[in-house]
Amino acid sequence: MSDQFPEQFVRWDTFSSTLWYRTRAARYRLEGTRCTSCGEKFFPPRTGLICPSCHARAMEPYSCAQTGEIVAVALDDLGFPAVGYGDILPRVQAIVRLDDGIHLMVDILQVSDPGEVQPGRRVHMVLRKHKREDTGAWVYGYGFVLEKG
207 MSDQFPEQFV RWDTFSSTLW YRTRAARYRL EGTRCTSCGE KFFPPRTGLI CPSCHARAME
267 PYSCAQTGEI VAVALDDLGF PAVGYGDILP RVQAIVRLDD GIHLMVDILQ VSDPGEVQPG
327 RRVHMVLRKH KREDTGAWVY GYGFVLEKG
């Protein structure tokens, strides 16, 4: 740590109840950040970090678009039980470009035929049960479903 960079680098894959609480807006509402100088949008949020476009540090909360278009698709039919997804197979994952230009890697939910999930299809965000913690409590987060039509 230094005076120029007061925040510690936090690994996203290490569980921390404090970090989990602080990032709830991103998980539940797709809240990212926007640079107040140049308007560049970021997800996940870049609180206290430098904007790579204009090198400013002034970020404000930004509500990301909750609809978008599928760019790429991957089917996980093997699972990796150590992270709690073994009971949700096959798992359809996709890269989604939100309507505001942000790209996310997401789960596509409520799919009866994985062949329906194709690049170009429209999707929208839903809040869902994500997985179980080691304690047995449910972890909630965002997922996406195909739009009708």
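Note that this note's numbering has the sequence shown beginning at 207, numbered continuously upward.
For every residue, glycine included, the Cβ atom is placed at its ideal position computed from N, Cα and C.
- By the neighbour-count definition (other C-beta atoms within 10 Å, threshold 16), CYS241 is a buried residue.
- With a threshold of 16 other beta carbon atoms within 10 Å, THR341 falls short and is exposed.
- A residue is called buried once 16 or more other Cβ atoms fall within 10 Å of its Cβ, and MET265 is buried on that count.
- In the three-state reduction of the DSSP assignment, THR273 falls in the strand class, which pools E and B.
- Distance from the Cα of GLY347 is smallest, within the candidate group VAL317, PHE248, ASP313, LEU304, for ASP313.
- If you draw a straight line from the Cα of GLN299 to the Cα of VAL345, it is about 18 angstroms long.
- Boundaries of the beta strand (DSSP E) harbouring ILE314: 309 to 315, taken from the DSSP string.
- With contacts defined by Cβ atoms closer than 8 angstroms, ILE308 and VAL277 do not form a contacting pair.
- Within a 10 Å sphere around the beta-carbon of GLY274 sit 16 or more other beta-carbons, which makes this residue buried.
- Taking 8 angstroms as the cut-off, the beta carbon of MET331 is found closer than this to the beta carbon of LEU236.
- Here GLY245 is exposed: its Cβ has fewer than 16 other Cβ atoms, across all protein chains shown, within 10 Å.
- With contacts defined as CB atoms closer than 8 angstroms, ASP306 and CYS257 fail to qualify as a contacting pair.
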